[in-house]
Each structure stands twice: as structure tokens, then as C-alpha cells.
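Everything on this sheet refers to the single structure shown next.
In this note's numbering, the protein residues as written are 6 to 621.
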């Protein structure tokens, strides 16, 4: 109802003076949608708001928060977070280390049990110091916690936090140990001029996390370590009430090492692999935003450069050691221009263009990429969306950028390999039948040209993706919410480097149908359960050692919890795969960026998590 009263825009800031308060603007609207299980509605609301107001920090934070837990959206999620930070005023909201990093592989089911710290934003701000903390414990020796101290004094705000998470996983060598440290500071030199700086350190140790259809298909000796330091600085200058200038600089030193012991001839000959990559790079970006009542413009330029050193050692056991090393440089200048025009009033047009010049040894990609999107509010309750655009996956330091991440509600930055060229086509229809009932559907296609190095040359291979969904969200009572979706996800890859070297399936089809119910009592008690049907089929090329086949299964999840009085925090208990169902499933690890596997949405083992979040 509040969105309807605000000209069908998501409400971050109304037109009353009360709503100009920084604290009110910092509240996480995404939490409402996530608690209800209405994620797609949240994406729609945030995307529409960003089309109309691309300089709204709360809208960027909204989209970033709603992307938490969405597969292959990590670049878009942290990019929206970066844009929100650069556009925001000083505030006491904590900067959580866990949301600033990508692919942390945190086991969480979302919903009201997984509270974010900005859920406890005060209505009014004053000079103060706040503490937010959360602790998690569960089976499989799962243990974790996060703590942040944040403060505000006059024109200066700061935040410092630490995150730790560890688990043994559901099988042998499936463990994870993550640590992230974050320090952030922001100062309002004048009302029009803000500066900020942030430093993060990450230390990760992981086993073989990939779920390649057969749960027993893994390496018992694979070990991956990651050590990364990131420093960034940024500023926002608003020369007029209708314009903003953003400048961002990032530096990253990333060291990754992967070791594995493989059997070459059983009982006779083994091989030990030790591969390390050291990426040291920087990224400079600037962006100008201009807005009027019926249109807005966003223009920007970015340059990233990475110096890469690779050290590879292969040792035959018993036998000789074969070392090799190489150095290379990645450079990627790019620019973009986007315009949104609201004319006639029910229709919003998005027109844009970007330019990429990617250079990495033999791999050179120079493209001019058109962007088009349209959103037509046929009625106040019925919206038709469409888009077509081309994107080149940029070489990003810390996996984030200032460039707009979506067009008409369709994401354009996926966790692909660097320099991947892709066309995306999409159409969607969203209908609010009643204030309590919304349905919709969205169909998208992606045509990809994925680069691979073959000896000294670079070759491109074709891949096709389809992602279609239909949804229904219903709140028959103020205490009860129901949600359901039908999702069809298909990948087709031609045989070649992808299928031979990266174990891509030639075809992967997945249908998932989740049905969820949630209950919220005025005293703070909440409970929820979901039932998800999954039907998957995996095909691999002849001669592949990877598992293939099909499987159908049903997974039941449940959660219960209590919101403490006076907004002191939340206590919850969550059980995923309640009935300990065993199944086969192919996750997306094979197509994640930087070969960084991610825990899939379904685990063939009962997972129990107790969680407490406190706010002082």
C-alpha cells in the first residue's frame, strides 16, 4: 500500500521532511521482501526505482541486499553495494564484512532467520556508537560469527568489523574456513562533498566444494587457499541538486593457490599439482549522473589493469618435478552512457551504449555494445518489461564496478569468465491482481561467446543459456505469506575447451518448483517451511569422466525464531533438507568466475543452524 501511495515507487524516502532523515533512508527495504519470500517482487521494485532514480543510494542498497543468495549474481550484488556506498551520506549503519566479499559460501536459507545488521537501523540518528553481532552454530562442525562496531560523530562516520565462518561440509574434504576483516570511514567535508576509504583483508581455505552431480565425485586431496588485500577510496561531489560526480579507486593484491594429489596409474604412479596465481591490480572509475523530472543520464569511464604471475609445479611420484612460470598483463579501458526517458508517463525507455577494449596476451576484444530496455505500466497494477543488450564481462578488481548492472530489471553482469561476450534478450510481465496477490513471468535468453587460451592463441566457443520463471506471491492475512515459483534453467555448450578442460556439461536442464509458507506473530515469533521439487538432467561429451544422468527429488526446509523485544536482535533455528534426502545434483561451480566454486542451493545432507543476532 505504501508503494501505491508513493506513485508506485518503492518507498525509501517520501516527500515529507521526516523522511529526509539519514537513518530512515538507511533502513533495508529488501529485508521485508526477503522475510516474506517475495524476492522477485523485490528485484522488480528495486530495478524500477533505479531506472527512475539512479542516484538513490537506498535503491542501490535495496537491489544489493535482495541479490544475497541469488546464484551467479555476486558481481551485480557487490557492484550495487559499491554504488550505494559512494552515493550515501554519512551514517551509523554498519559495514558488514560478509556482504562486502564475493563467494564466501555461507550456508544460509535467507528469510527472517538470516537477519542483516542494517535491519536494525535507528529511525533517527545522533552522535553515537553501535555494536552489532551475530553467531552461528550447527552440525558438521559449523561455527561462525560476525561483529561490527560503527560510530557517527557530526560529519564523520566509521565502521570496523570481522567475520569468521568454518564448517566441515557434508562429505570428506568439503570444509571451508573463511576470515574477513573490514575497516571503513566516511567524511562529509561539505554537504556537497563526501569522501570515503575502506580496507579489507580476506583469508580463505577450502576443500573440494563442487557438487558435480554425483556426491562421491570429488578429490579427497584438493586444497584451495586465498589471501587477498583490498584498499579503495572514493568521493562524491554534487555540484547541483540535479547532478553527482563519483570517483572510485581500488587496489587489490590477490594470491590464490590450488594443490591436489591425483592418481595416474593406480598403485604405481601419482602426480602432485601445485598451481598458484598472484594478481596485483588497480581500477579507476569515474561516473557522472544527471537527472530531471522525466529523464536521467549516467555516463562513466573505467580503467583496470592487472599484473598476473603464475607458478605451476607438477611432480610425478615417484619421478621428476616439472616447474613452469609465466607473467602477463590484463588491461581493460571501457566507457558507457545510459539514458532513461519517462515519456509518455506510463512508459520508461532505457537507451545506452558501452565500449570495451579488453587486452590479455593473445586475447583481444574490442566491442561497441548497444543497450535497450522498456518498461510499460499498462495500468497501475500491470507492467510489461523488455530488454536486449550486449555485454563484455569486464576485468574487475574486487569484482565490482560503477556501471549500471541492470536494464529494465534484467541483470547484465553475470559471474562469467573475463572477456565473455554475451547478448541477452528478455521479456517480463508483472501483475498485482490484488493488494495481497501478485503474479508474473519472465523469460530470458543469453548467447555467449566464451574465450579460452589454446596454446598461444585465444579461441571463442559458443554457449546458450535460458532462464525462465513464473511466480505467485500471496499474503491472505497480515501474519501469513505464501510464495511459489516455477524456474526453468538450461545451458548448452559446444564441445571443446569448456567441456574438456573445465568439465562443462554439453547440456544442463534444471526445473525447480519451490512452495513456501511463512507465519509472523505480533509478539515477534515467526516460523516458515518450504518444499522444493527439483528435476535435473545432465549430459556430458563422450569420453568425459564426469557423472551424467538425471534425478528428481524433493527437499523440505524449515525455520523457527523470535525477534527480541525493543529490536535487540533475533534468535532462530533453521533446518535445511529436513528429511535428510540423498540425491544427485549439478551445481554452477563449473561456470563461476575465477574458478571459485560455490555451495549449491541444495545439499544431500540435513543441515541444522542455530543463529543469534544482537544489536546495541
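Here a beta-carbon is modelled for each residue, glycine too, at the ideal position from N, C-alpha and C.
Computed from a prediction, not measured in an experiment: that's the story for all the values here.
Under the three-state DSSP convention, the category residue i falls into
i	result
residue 595	helix
residue 589	coil
residue 582	coil
residue 102	helix
residue 570	helix
residue 417	coil
residue 553	coil
residue 462	strand
residue 4	Because residue 4 is not part of the residues shown, which for the chain are 6 to 621, the question remains open.
residue 473	strand
residue 410	coil
residue 400	coil
residue 71	helix
residue 425	coil
residue 307	strand
residue 46	helix
residue 206	strand
residue 40	helix
residue 504	helix
residue 131	coil
residue 294	strand
residue 93	coil
residue 224	coil
residue 195	strand
residue 496	strand
residue 17	Note that residue 17 has pLDDT 48, beneath the 50 cutoff, so the model's placement of it is unreliable and the number below is only indicative. In the structure shown, residue 17 sits in coil (DSSP, three-state: anything other than H, G, I, E or B).
residue 453	strand
residue 521	strand
Own chain partners of residue i with C-beta closer than 6 angstroms, once the 5 adjacent residues on each side are dropped
i	result
residue 415	392 and 431
residue 606	none
residue 317	280 and 329
residue 165	154 and 188
residue 514	495 and 542
residue 419	77
residue 365	335
residue 242	198 and 250
residue 289	254 and 308
residue 609	220, 587 and 588
residue 315	282 and 331
Outcome for residue i when other beta-carbon atoms lying within 10 angstroms are tallied against a minimum of 16
i	result
residue 384	exposed
residue 626	In this structure the chain extends from 6 to 621, so residue 626 is not present and cannot be described.
residue 357	buried
residue 506	exposed
residue 375	exposed
residue 557	exposed
residue 53	buried
residue 71	buried
residue 272	exposed
residue 246	exposed
residue 332	exposed
residue 55	buried
residue 459	exposed
residue 429	buried
residue 483	exposed
residue 614	buried
Residues of its chain near residue i, where Cβ-Cβ distance is below 8 angstroms and the 5 sequence neighbours each way are ignored
i	result
residue 3	The structure shown does not extend to residue 3, since the chain is modelled only from 6 through 621, so no value can be given for it.
residue 161	95, 190, 191, 192 and 193
residue 75	44 and 82
residue 499	466, 467, 468 and 511
Beta-ladder partner(s) of residue i, from DSSP
i	result
residue 169	150 and 184
residue 270	274
residue 541	515 and 556
residue 108	Per DSSP, none; premise fails for residue 108.
residue 337	309
residue 328	318
residue 251	241 and 292
Contact set for residue i: own chain, Cβ-Cβ below 7 angstroms, skip 5 residues either direction
i	result
residue 373	358 and 360
residue 465	454, 455 and 456
| task | Mind the definition here: the stretch 173 to 181 touches the stretch 195 to 203 only if three or more C-beta pairs lie below 8 angstroms; say whether that holds. | result | no
inquiry  = Taking contact to mean 3 or more Cβ pairs, one atom from each stretch, closer than 8 angstroms, check whether the stretch 135 to 149 and the stretch 210 to 217 are in contact.
reply    = Touching, no.
Check whether the stretch 49 to 67 and the stretch 285 to 303 are in contact - that is, three or more C-beta pairs closer than 8 angstroms. Segments in contact, yes.
#### Entry: Inter-stretch contact (C-beta, 8 angstroms, three-pair minimum) for the stretch 441 to 448 and the stretch 464 to 476
yes
**Prompt:** Would you call the stretch 540 to 548 and the stretch 568 to 580 touching, i.e. three or more CB-CB distances under 8 angstroms?
**Reply:** no
Would you call the stretch 562 to 570 and the stretch 520 to 529 touching, i.e. three or more CB-CB distances under 8 angstroms?
-> Enough Cβ pairs lie closer than 8 angstroms, so yes.
Are at least three pairs of beta-carbons, each pair with one atom in the stretch 78 to 93 and one in the stretch 395 to 405, less than 8 angstroms apart? Remark: three or more beta-carbon pairs, one from each stretch, lie closer than 8 angstroms, so the stretch 78 to 93 and the stretch 395 to 405 are flagged as touching.
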